[in-house]
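Take a look at the structure set out below.
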Amino acid sequence: MYQQVSYSDQYTFFQKLRSFDLVLLFCIITLGIISSFSMYSTDGGELLYHSKSHILRFLIFFIMMFFFSFLSIRFWHAIGYLFYIVVLGLLIWTSFYGVTSSGSKRWLNLYFINLQPSELMKIAIIICYAKLYHRLQINNVNQIKNLVIPITILVLPILLVVSQPDLGTSILIALSGIIVMWLAGINIKYFIYTFLTFLISTPFIISFLKPYQKLRILTFFDPDKDPLGAGYQIIQSKIAVGSGGFTGKGFLKGTQSYLEFLPEKHTDFIFTLFSEEHGFIGSTFLLLIYAIMIFRIIKIGSDTRSFFGKLFCFGFGSAIFVYVTINMSMVLGLLPIVGSPLPIMSYGGSSMLATMIGLSIVMSAKIHSRQTVS
Amino acid sequence: MFSGGDTFVRKLSTLNRRVFILSLAKGIIFTGIVARLFSLQINENKKYLTLSDKNRLREWRLPPVRGQFLDYFGNVIAGNLKVYQLHVVPEDVDNFKALMNRLREILKLSDKQFAKIMKKKNSQKPWETLVISENLTWDEFSKINFYLHDLIGAKPVLSVARNYPYNETFTHVLGYVGEASENDLIRNETIKQNHVAGLRVGKIGLEKTFENYLIGTNGVQRYEVNAYGKRINQLDFEEGTKGQDIKLTLDLEVQKLAGELLGDKAGSISVMDIYTGDIIAMQSSPSFNPNLFLYGISQQDWDLIKTNPLKPLVNKTVYGLYSPGSTIKPIVALSALENDIISPKNTVLCTGKMEMYGQTYHCWKKKGHGYMDLRNAIKQSCDTYFYETARKLGVDRLSLTAKKFGLGNTVLKGTIGNEKKGLIPNTTWKKQQLGQGWVLGETIITGIGQGYIQTTPLQLCLMTAQLANGGFKIYPRITVEKNQDSLEKIKFKMKQSALTAKEEINPIRKEVKEFFNIKDKEYQTLFRNPENIKFVLEAMWGSTNEVMGTSFGSRLKDKKYEFAGKTGTAQVKKITERHRELELKAKDVPYEERDHALYVAFGPYKNPRYALSILVEHGGSGSTTAAPMAKKLFKLIIDRHEEREKARAKNFSLAT
Numbered sequence: 001m002y003q004q005v006s007y008s009d010q011y012t013f014f015q016k017l018r019s020f021d022l023v024l025l026f027c028i029i030t031l032g033i034i035s036s037f038s039m040y041s042t043d044g045g046e047l048l049y050h051s052k053s054h055i056l057r058f059l060i061f062f063i064m065m066f067f068f069s070f071l072s073i074r075f076w077h078a079i080g081y082l083f084y085i086v087v088l089g090l091l092i093w094t095s096f097y098g099v100t101s102s103g104s105k106r107w108l109n110l111y112f113i114n115l116q117p118s119e120l121m122k123i124a125i126i127i128c129y130a131k132l133y134h135r136l137q138i139n140n141v142n143q144i145k146n147l148v149i150p151i152t153i154l155v156l157p158i159l160l161v162v163s164q165p166d167l168g169t170s171i172l173i174a175l176s177g178i179i180v181m182w183l184a185g186i187n188i189k190y191f192i193y194t195f196l197t198f199l200i201s202t203p204f205i206i207s208f209l210k211p212y213q214k215l216r217i218l219t220f221f222d223p224d225k226d227p228l229g230a231g232y233q234i235i236q237s238k239i240a241v242g243s244g245g246f247t248g249k250g251f252l253k254g255t256q257s258y259l260e261f262l263p264e265k266h267t268d269f270i271f272t273l274f275s276e277e278h279g280f281i282g283s284t285f286l287l288l289i290y291a292i293m294i295f296r297i298i299k300i301g302s303d304t305r306s307f308f309g310k311l312f313c314f315g316f317g318s319a320i321f322v323y324v325t326i327n328m329s330m331v332l333g334l335l336p337i338v339g340s341p342l343p344i345m346s347y348g349g350s351s352m353l354a355t356m357i358g359l360s361i362v363m364s365a366k367i368h369s370r371q372t373v374s
Numbered sequence: 001m002f003s004g005g006d007t008f009v010r011k012l013s014t015l016n017r018r019v020f021i022l023s024l025a026k027g028i029i030f031t032g033i034v035a036r037l038f039s040l041q042i043n044e045n046k047k048y049l050t051l052s053d054k055n056r057l058r059e060w061r062l063p064p065v066r067g068q069f070l071d072y073f074g075n076v077i078a079g080n081l082k083v084y085q086l087h088v089v090p091e092d093v094d095n096f097k098a099l100m101n102r103l104r105e106i107l108k109l110s111d112k113q114f115a116k117i118m119k120k121k122n123s124q125k126p127w128e129t130l131v132i133s134e135n136l137t138w139d140e141f142s143k144i145n146f147y148l149h150d151l152i153g154a155k156p157v158l159s160v161a162r163n164y165p166y167n168e169t170f171t172h173v174l175g176y177v178g179e180a181s182e183n184d185l186i187r188n189e190t191i192k193q194n195h196v197a198g199l200r201v202g203k204i205g206l207e208k209t210f211e212n213y214l215i216g217t218n219g220v221q222r223y224e225v226n227a228y229g230k231r232i233n234q235l236d237f238e239e240g241t242k243g244q245d246i247k248l249t250l251d252l253e254v255q256k257l258a259g260e261l262l263g264d265k266a267g268s269i270s271v272m273d274i275y276t277g278d279i280i281a282m283q284s285s286p287s288f289n290p291n292l293f294l295y296g297i298s299q300q301d302w303d304l305i306k307t308n309p310l311k312p313l314v315n316k317t318v319y320g321l322y323s324p325g326s327t328i329k330p331i332v333a334l335s336a337l338e339n340d341i342i343s344p345k346n347t348v349l350c351t352g353k354m355e356m357y358g359q360t361y362h363c364w365k366k367k368g369h370g371y372m373d374l375r376n377a378i379k380q381s382c383d384t385y386f387y388e389t390a391r392k393l394g395v396d397r398l399s400l401t402a403k404k405f406g407l408g409n410t411v412l413k414g415t416i417g418n419e420k421k422g423l424i425p426n427t428t429w430k431k432q433q434l435g436q437g438w439v440l441g442e443t444i445i446t447g448i449g450q451g452y453i454q455t456t457p458l459q460l461c462l463m464t465a466q467l468a469n470g471g472f473k474i475y476p477r478i479t480v481e482k483n484q485d486s487l488e489k490i491k492f493k494m495k496q497s498a499l500t501a502k503e504e505i506n507p508i509r510k511e512v513k514e515f516f517n518i519k520d521k522e523y524q525t526l527f528r529n530p531e532n533i534k535f536v537l538e539a540m541w542g543s544t545n546e547v548m549g550t551s552f553g554s555r556l557k558d559k560k561y562e563f564a565g566k567t568g569t570a571q572v573k574k575i576t577e578r579h580r581e582l583e584l585k586a587k588d589v590p591y592e593e594r595d596h597a598l599y600v601a602f603g604p605y606k607n608p609r610y611a612l613s614i615l616v617e618h619g620g621s622g623s624t625t626a627a628p629m630a631k632k633l634f635k636l637i638i639d640r641h642e643e644r645e646k647a648r649a650k651n652f653s654l655a656t
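Residue numbers (our numbering), protein chains in the order written: chain V, 1 to 374; chain A, 1 to 656.
The structure is reproduced here in structure tokens:
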């Protein structure tokens with residue numbers, strides 16, 4: 001009977017339920033709990049707006065993920081391009097009718113939620129590529145035509161996001177796209193050529209950057225130059241992390257965040273707060289959870305049968321890795337400050353939504369690991 | 001399909017290979033992040049903990065309460081007054097400009113004041129208290145409190161400020177305080193340590209001399225603050241200590257009377273205890289109100305003080321230099337007696353003038369005094385007698401005696417800044433300073449206290465005191481301190497030194513003393529023969545209490561109050577022959593050419609205890625202007641003697 005089931009690509013509800021990946025679920029729930037407590041701490045130890053809405057969102061999107069996981073991997077393959085086109089459409093819509101906040105037009109007012117389509121694009125680009133390369137034969141991958149189309153698919157949303165302006169998200173989209181392209185088998189030399197071209201054109205690109213973006217990059221190289229201005233965030237973040245020590249200052253006792261020396265502590269700097277309160281032990285633990293999650297996603301990718309599923313899992317796992325690395329390096333003063341949330345931990349509905357969609361596709365790949373996609 | 005399958009396998013193997021490579025990279029990068037966490041949180045933990053504490057902890061230093069000045073009887077003569085102030089901490093204010101404009105309206109600040117406040121704001125850190133007003137009237141204070149709800153960030157506070165309750169009475173002794181300047185901070189380490197915005201420190205006088213005792217220490221409030229500088233909670237509070245109170249030897253009542261007697265006239269009065277050296281009064285006139293300086297004096301008031309021709313800013317008692325005039329005569333007489341130049345029986349015929357080496361020297365009495373002996377010459381202040389005596393004595397011997405009795409040197413040894421030494425000339429001095437030889441004519445006029453000789457009124461007081469106590473060196477003081485000698489001890493030491501002085505006439509002993517470099521004893525004798533001192537004092541008694549004496553008109557008949565003194569009239573300008581013939585009255589001469597009036601005295605005569613010196617600039621003659629003041633002063637001083645003795649006993653028992 002077991003064999004019969006194993007070779008069928010139709011699953012019953014209970015079969016699906018039983019094949020949920022518990023390790024991944026454990027990681028998601030752990031991150032959900034940790035993030036809720038951190039958010040509670042950013043609210044100064046009270047259940048206020050940020051913590052309430054974060055917990056609510058986590059619950060809603062977690063349940064959503066749970067149900068989306070039952071959707072067949074074929075479904076995700078089928079809507080691959082559509083998903084990308086819809087999100088691209090939302091991006092274009094945003095550039096016309098978007099809500100502007102702190103000088104950047106990133107959000108769409110959907111009345112029940114302020115949606116940030118660029119966050120969804122982080123997932124959409126991976127689904128789109130997974131489908132694209134699923135259909136391409138390895139021999140054709142490096143053909144000119146098959147280079148131009150994926151690059152266009154990547155460049156269009158990046159241009160839209162950069163013009164919002166939102167450097168951080170566009171870098172994340174670009175990086176996830178590039179990683180998927182590379183995984184799909186594109187010759188390494190193209191990446192080298194592109195990188196060289198990028199280097200040569202850097203001065204040209206810099207002239208297009210907004211002054212605040214230039215300042216951020218300059219500040220990264222010398223944060224002490226203007227400690228109360230542009231370097232403030234990096235300095236204060238390093239102080240918070242460094243003063244946490246081995247075991248941290250204790251839950252709700254992070255003076256740097258509690259006394260508001262930390263900027264953006266709900267979003268990009270949530271790790272700083274966590275690290276200050278829980279120290280080296282806590283931070284390493286959090287990093288470990290992410291590592292388990294990422295490698296679990298890759299494991300699921302290796303175990304799934306369809307190339308679409310594999311590529312998506314590998315791509316998404318790497319994307320999570322990129323988000324985590326960039327966010328942590330940024331708050332630890334290893335990279336310039338660009339807006340990049342920490343998956344699940346950071347406050348922000350669209351980011352949470354995108355992550356949960358990604359996770360539900362991964363879960364679907366696990367549940368439907370024996371399904372092939374034509 | 002097979003070939004398709006083959007390419008699919010290739011496609012998968014490429015993917016798997018690349019995922020493997022990527023996973024390795026991920027592992028390395030995550031390890032790198034852990035390493036970074038390790039370096040920040042474990043290696044550099046201390047550094048960042050310090051930085052974090054520096055972020056969140058902030059100290060507010062509170063101004064120390066300044067010590068008070070008390071007079072001998074414990075009256076507060078420089079105290080602290082509660083004042084209403086308005087403080088703003090700029091970083092606690094959301095809209096500083098709006099707040100300032102509102103305050104400007106309420107307090108009716110002038111453009112100049114407003115600009116000054118803004119300038120101050122820019123010069124200090126945003127969390128430092130900005131003092132908008134240091135001395136609000138009650139009206140302004142209540143108005144601020146009324147509008148307080150829309151003056152967020154403004155803090156009306158009750159503070160203490162220096163106050164001089166007797167206004168101009170003690171100005172020249174105490175000095176005054178003002179806001180600490182950059183120079184004050186550089187010069188005085190204690191001020192620097194205790195400095196807070198708006199701290200008042202002594203600018204001159206005893207306020208400056210005793211700064212380190214008076215200043216006290218700051219209170220410190222330590223707060224945890226947030227990123228915007230808002231105080232979240234108080235961590236601890238260290239109370240500051242109040243500065244030490246300083247008790248002075250001055251008597252408020254005598255000081256007040258001295259001020260009243262001098263009135264608007266330019267001059268000085270000093271009163272001293274002839275044994276202890278306690279300065280009982282030290283008044284310089286005209287004075288000014290030191291309270292004006294507390295909050296920065298207005299330009300108008302400052303101009304008024306600065307341009308006053310009578311120079312209220314100068315402490316004439318220690319800084320003013322005057323020819324002593326005839327007040328030097330007791331010293332000239334003593335010097336001549338001690339050096340066996342004359343005997344009291346020596347007589348000189350005074351004809352009103354004396355011709356010597358082609359110069360005519362006039363006596364103040366045009367008709368002359370006739371035959372004069374030494375006692376009469378002191379009593380009637382006969383110039384001719386002293387011309388002759390000085391000529392015989394010589395300026396060098398005279399200057400030795402004068403210096404021994406305290407002329408030509410500072411009296412308070414730096415307790416009051418800028419005290420002048422004055423000048424007691426001798427032949428070497430002239431040779432060195434002016435490069436000229438001494439001329440006998442100069443000796444002659446030095447004998448009546450004219451010429452190069454210059455003294456401060458306080459020196460004349462000390463001179464009189466050291467004569468009156470029988471010729472013993474004393475150590476003038478203005479503060480009451482624990483380790484000071486008591487009256488009984490001083491008298492005992494004087495007796496001892498009088499006894500040993502007799503033995504020291506033996507030249508061998510003197511040489512031994514010099515050989516072993518034995519320092520002079522305290523309260524040493526200033527005379528060779530005590531009879532000479534007695535003689536001079538008796539002659540001074542005559543000058544005040546006998547008919548024909550120069551200050552006879554000012555005598556106090558009651559034995560209890562009886563005092564003895566010597567008048568002096570110091571010429572400011574050489575009197576020309578023409579003027580002498582005109583016999584001008586003082587009031588007919590232009591003010592700045594009129595003579596200075598001087599008077600030195602001690603009393604009560606029977607059992608002397610107090611000495612004084614009086615100087616009135618351009619006051620005419622000593623007998624008409626200065627001596628009458630002494631009469632009133634001695635009345636009060638002696639009336640207060642018993643009370644002072646009681647206070648002395650109390651101060652002394654407190655001290656030991």
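We put the beta carbon where it would ideally sit given N, CA and C, even for glycine. All values derive from a computational prediction rather than experimental measurement.
Exposed unless 16 or more other CB atoms sit within 10 angstroms - verdict on residue i
i, result
"Asp383 (chain A)", "buried"
"Trp541 (chain A)", "buried"
"Gln299 (chain A)", "exposed"
"Asn607 (chain A)", "exposed"
"His149 (chain A)", "exposed"
"Tyr48 (chain A)", "buried"
"Leu17 (chain V)", "exposed"
Member of the options whose CA lies at the smallest distance from the CA of residue i
i, options, result
"Tyr213 (chain A)", "A:Thr190, A:Asn233 and A:Ala227", "A:Thr190"
"Asn75 (chain A)", "A:Tyr164, A:Gln436 and A:Gln450", "A:Tyr164"
"Thr50 (chain A)", "V:Gln256, V:Arg57, V:Tyr190 and V:Pro343", "V:Gln256"
"Val83 (chain A)", "A:Glu134, A:Val65 and A:Ile77", "A:Glu134"
"Ile235 (chain V)", "V:Tyr258, V:Thr267 and V:Pro263", "V:Pro263"
"Val65 (chain A)", "A:Asn218, A:Lys192, A:Phe141 and A:Thr360", "A:Asn218"
"Gln221 (chain A)", "A:Thr307, A:Glu128 and A:Pro330", "A:Glu128"
"Met363 (chain V)", "V:Met65, V:Gly279, V:Ala240 and V:Gly315", "V:Met65"
"Glu105 (chain A)", "A:Arg397, A:Ala498, A:Glu140 and A:Ser39", "A:Glu140"
"Asn114 (chain V)", "V:Thr247, V:Thr94 and V:Phe208", "V:Thr94"
8 Å contact criterion, which residue i and residue j should meet: CB distance rounded
i, j, result
"Ile152 (chain A)", "Val93 (chain A)", "7 Å"
"Val271 (chain A)", "Ile637 (chain A)", "6 Å"
"Thr677 (chain A)", "Leu398 (chain A)", "This structure cannot settle anything about residue 677 (chain A), because the visible part of chain A is limited to 1 through 656."
"Gly245 (chain V)", "Gly279 (chain V)", "5 Å"
- Listed from N- to C-terminal order along the chain, which residues in the segment 243 to 266 of chain V have their beta-carbon within a distance smaller than 7 Å of any beta-carbon of chain A? Ser243, Gly244, Gly245, Phe246, Thr255, Gln256, Leu259, Glu260 and Phe261
- Could you tell me which uninterrupted alpha helix (DSSP H) segments, each at least 4 residues in length, are contained entirely in the segment 349 to 388 of chain A, listed from first to last along the chain? 374 to 380
- Item | Ranges of the alpha helix (DSSP H) found wholly within the segment 116 to 190 of chain A, counting only runs of at least 4 | 138 to 146, 171 to 174 and 182 to 187
- Query: Which runs of the beta strand (DSSP E) fall wholly inside the segment 543 to 623 of chain A and span at least 3 residues, in chain order?
  - Reply: 564 to 570, 596 to 603 and 610 to 616
- Task: Scan the segment 174 to 201 of chain V for residues whose Cβ lies nearer than 8 Å to a Cβ of chain A and list them as they occur along the chain.
- Result: Ile179, Trp182, Leu183, Ala184 and Gly185
- Considering only residues of the segment 224 to 286 of chain A, which uninterrupted beta strand (DSSP E) runs meet the minimum length of 3 residues and lie entirely inside it, listed in chain order? 231 to 238, 267 to 273 and 279 to 285
- Query: Which runs of the alpha helix (DSSP H) fall wholly inside the segment 30 to 75 of chain A and span at least 4 residues, in chain order?
  - Reply: 45 to 56
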